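The structure appears below as structure tokens.
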Amino acid sequence: MTAFAWHRRAFLHAAGGTALAAGLTGLTLRPAVAVAGETVATDEQFAALRAKWRDLLLGTGFSPTAEPFKTLLANLGTSARGYLSTMAPASGSLWPGLVWSDPEPDLDAESYAFSARMNDTYNRLNVMAQAFCQPGTGLTGDTVLLHAIVAGLDHVHAEVYNENTTRYGNWWNWQIGGAQALMDTCVLLHDQLSADRKDAFCRAVDHFVPDSAVAAYTGTSTGANRVDLCRSIILRGIVGENPDKVALAARALAPVFPYVTSGDGFYSDGSFIQHRNVPYIGGYGAVLHDGVGRLLALLRGSAWQLNDPNTQLFLDTVEKAVAPFIYNGLMMDNVTSRGISRNGGNEHQRAHGLLATLVLLGQGASPEENARWRAMVKGWMLRDYYYPALKNPGLSLIRASLLQSLQDDASVTATPEPVEHRLFHNMDRATHRRRGWAASVSMASKRIAHYEFGNGENARGYHTGAGWLSWWGSDFGLEQYSDAYWPTVDPYRLPGITASRKPLADGEGGNWGQPMPDAAWVGGTTDGEFGATGQHLKGLAGTMEAKKSWFWLDDSIVCLGAGITSADGYPVETTVDNRHLGSSGAPALTVDGRTQPTAQGWTATFENAEWAHIAGQAGYVFPGGADLGAVREERTGAWKDINTGGPADPLTRRYVTLFTDHGPDPVDGRYAYILMPGASARTTARRAGDHGWLRILANSDRQQAVRVSRLGFTAVNFWAAGAVDRIASNAPASVLVREHGNGTATIVVSDPAREAVSLEVVWNRRVSKVLSKPSTLVGATAGPSLKLTFGDLTGQAGAPQKITVRLG
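Numbering (this note's numbering), first residue to last: 16 to 823.
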């Protein structure tokens, strides 16, 4: 037991203002701290920084009696009161159930849990400190609460978080989570803590987060982790008034800003990678933006203001990397990795904090950028009918104040979603936005992991890189992945994937294994509005492989598959779609004009089906017909099934699934379908009957290609050299052609496999002149046909090469 132990009963029976906690020498009491920025210190510079950080923790400019702040403050008070009433210091813990003492420290899962509980303990103390500082919590300035917080800090420090302890379990809890929660609390209670206490807490942070933690940009000190480590050191500097610490960490932020060409960080195409090979804009990327946004705001105007010119590169990622994955107030799950398996968070909730971060970042951007971002964020807020940000009870006060201020700003006009296609060739993702819907595809390659499993999280995410095609409507479907989808969905039937039914172990590939397939050709081309994407798919822990292509158009996505083979002894399926219907939904399923039963537990196969329609969702057209499987089912699961830290309470949700069964051990299986989000049954049937709208030019394991003449669109994914219709390539490539009404055409070529030391593409169409070309094009011959000769493309990382010509 620490010398600062006490009995919880003493607090519950204490009279207001009476210091009852044992060992609280050096504690300074002061009146209620109800307004941010009231701290006073002898050094004005550090006092100003602490005041600014208080504002960034607590929020400013809101009325505590107005909603949503009244409720948020009351909830904060309720949480703090609960923590206060259950605090019971003992050897190895401050609360029952949060035991941090590990008798045999190592790197096993149990040791990780012990270190996480230490971190959770500091987080609870920080919540209590916020309730003490904030108005309207019912605990504002409460001296009993203050004594409990300080004694709790002493207890944790004496037992576990001090300069004599050897860390165990997860490094993150010691260097980032625990350090930040401790220093945040020290900023909030700076005037109430003795100098000796602050010195002791700072020594602990120095021990666990030494200067060497940011000496090299490598290992766990990259990307979002580097920003968090810098935050730990900067806060330690302003708590302990150490200018060298602040200067060191401010300088150490510099490697975060430039774009990277490998490893963790932002890429020039807007990709963001963390943990070597995991797309993470919705997870670590959001953390990085929040961390940088706060630190830029903190240091702005101080002696340590960041004047690095590369900060503009970071600001550019708002529109290049973040915005493409936010749709109507949600952050797409396919860039969130393990986060999808966490209870208490969904696509919308994960976006809310980021929306506020963009508002904060805008304050340090150019006036033009700030105006664009505010209009963009306001549009997302207003269009999110499923889970509006200001209805989120877990939103922090600072974020709520930023978003409420924007929503109330009548001078800001919300901007609509753009119409665009974006290819993120450095992280095997693509997004496609139309006026009424948006979609995104998630792939894996020899560069990008199938999925990430770690800390017991995301145990069944193994097929999320197998061509998972997620989509949402502008006024429907925003709940698709946000209502207990991941613990209840069949993980072998995610929308768009081709997968073997071979059973995989939870966490297949191992803890932090992040398995990657040995497949190079993954990527595509785009002209900015339409696109062609392809994936050489090799399944996880099996022999299944396939060639998959998506052609992204104005009202639909054409999906082709070929070369589907497997020798695992299990059936292989391509899931056309798997729509989440909530706990009671039963929309009509129509196949070739016939409405099917709505009863749950219903399964059927439709031979040579031409089209299908799910009411209120989408239409599906099968050129040439398809044997279509359909399932209506209620599925039950628990968050604990996919995340060891989740609750075990069973959840039941309904699904309607459409799929193609390629049979056990298929050889050269194929599929073709057109996804039409939001289409009516009549529109779907009309498209199915319009045999001239789409021409499938090829669908084999050598080439996949389509033409839609009405759109002037032709695209070919060359898995091998060859010719398709008017287009030929002497090596694997992706080629997209758009013919425009003004007599010009755009040709976009890429080398997704990153293996072409030279490439020749021929378009057998009369061309009179080449109007623009990239530097990679070393030869262009116009005339009766267009011949394009590229130099070495291996260094282009699969980036599209765009050429504009005048037609003859």
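Each residue gets a CB set at the ideal place from its N, CA and C atoms; glycine is no exception.
These numbers were taken from a predicted model, which means no experiment stands behind them.
query                                                                                                                                                                                      : result
Under the rule that 16 or more other beta-carbon atoms within 10 Å means buried, what is Glu494, buried or exposed?                                                                        : buried
Assign Lys393 to one of two classes, buried (16 or more other C-beta atoms within 10 Å of its C-beta) or exposed (fewer than that).                                                        : buried
In whole angstroms, give me the CA-to-CA distance for Ala62 and Val202.                                                                                                                    : 10 Å
Measure the Cβ-Cβ separation of Leu405 and Trp388 and say whether it is below 8 Å.                                                                                                         : no
Using the beta-carbon count (16 or more within 10 Å), is Pro339 buried or exposed?                                                                                                         : buried
CB Gln190 to CB Phe223, shorter than 8 Å?                                                                                                                                                  : yes
Return the CA-CA distance between Trp115 and Ala196, expressed in angstroms with no decimal places.                                                                                        : 16 Å
If you reduce the DSSP assignment to three classes, tell me which class Asn325 lands in.                                                                                                   : coil
Looking only at its own chain, which residues have a Cβ that is under 7 Å from the Cβ of Gln7, when we skip the five neighbours before and after it?                                       : The first residue shown for the chain is 16 and the last is 823, placing residue 7 beyond what the model contains.
Specify the secondary structure class of Asp676 as computed by DSSP and reduced to three states.                                                                                           : strand
My parser needs the alpha helix (DSSP H) runs of 4 or more residues fully inside the region 508 to 583; what are they?                                                                     : none
If you pair each beta-carbon of the region 575 to 585 with each one of the region 675 to 694, do three or more pairs fall below 8 Å?                                                       : yes
Candidates Leu596, Val671, Gly522: which alpha carbon is nearest Asn619's?                                                                                                                 : A small fix is needed here, since residue 619 is Ala in this sequence, not Asn. Among Leu596, Val671, Gly522, the Cα nearest to that of Ala619 is on Val671.
Have a look at Gly167, Ile512, Tyr299, Gly546 and flag the residue whose alpha-carbon is nearest the alpha-carbon of Leu552.                                                               : Ile512
Out of curiosity, what's the CA-to-CA distance linking Trp483 and Glu82?                                                                                                                   : 39 Å
Give me the Cα-Cα distance between Ala768 and Tyr500, rounded to the nearest whole angstrom.                                                                                               : 33 Å
Assuming Arg741 and Trp778 are in contact, meaning their beta carbons sit under 8 Å apart, how far apart are those beta carbons, in whole angstroms?                                       : 6 Å
Among residues of its own chain, excluding the 5 on either side of Ala49, which ones have a beta-carbon nearer than 6 Å to its beta-carbon?                                                : Residue confidence is low: Ala49 scores 30 on pLDDT, short of 50, so the model does not pin down where it sits. No coordinate-derived value is stated.
If you count every other CB in all the chains shown that lies within 10 Å of the CB of Asn240, and 16 or more means buried, which is it?                                                   : buried
Please give me, in chain order, every unbroken run of the beta strand (DSSP E) with length at least 3 that falls completely inside the region 593 to 665.                                  : 604 to 606, 617 to 629, 633 to 652
Only counting runs of 4 or more residues, tell me where the alpha helix (DSSP H) segments fall wholly within the region 396 to 464, in order along the chain.                              : 412 to 423
Lys563: which of Ile579, Asp570, Asp642, Leu803 sits nearest, CA to CA?                                                                                                                    : Ile579
From Gly492 to Trp527, what does the alpha carbon distance come to, in whole angstroms?                                                                                                    : 32 Å
Rounded C-beta distance between Asp284 and Phe439? I'm assuming under 8 Å.                                                                                                                 : 6 Å
For the alpha helix (DSSP H) that Thr86 lies in, which residues bound it at each end?                                                                                                      : 84 to 101
If we call anything under 8 Å between Cβ atoms a contact, is Asp279 one with Thr237?                                                                                                       : yes
Can you name the start and end residues of the beta strand (DSSP E) that Trp486 belongs to?                                                                                                : 481 to 488
Measuring only the C-alpha atoms, how far is Leu519 from Ala556?                                                                                                                           : 8 Å
On a Cα-Cα basis, can you pick out the residue from Asp521, Arg516, Leu568 that is closest to Met559?                                                                                      : Arg516
Please state the DSSP three-state secondary structure of Trp708.                                                                                                                           : coil
Could you say which of Thr430, His290, Ser581 lies nearest to Gln529 if we only look at CA atoms?                                                                                          : His290
Tell me, please, which residues DSSP counts as bridged to Thr761.                                                                                                                          : Arg753, Thr819
Can you tell me whether Asn779 is helix, strand or coil according to DSSP?                                                                                                                 : coil
Considering only residues of the region 109 to 177, which uninterrupted alpha helix (DSSP H) runs meet the minimum length of 4 residues and lie entirely inside it, listed in chain order? : 124 to 148, 158 to 174
Classify Ala703 as helix, strand or coil using the three-state DSSP reduction.                                                                                                             : helix
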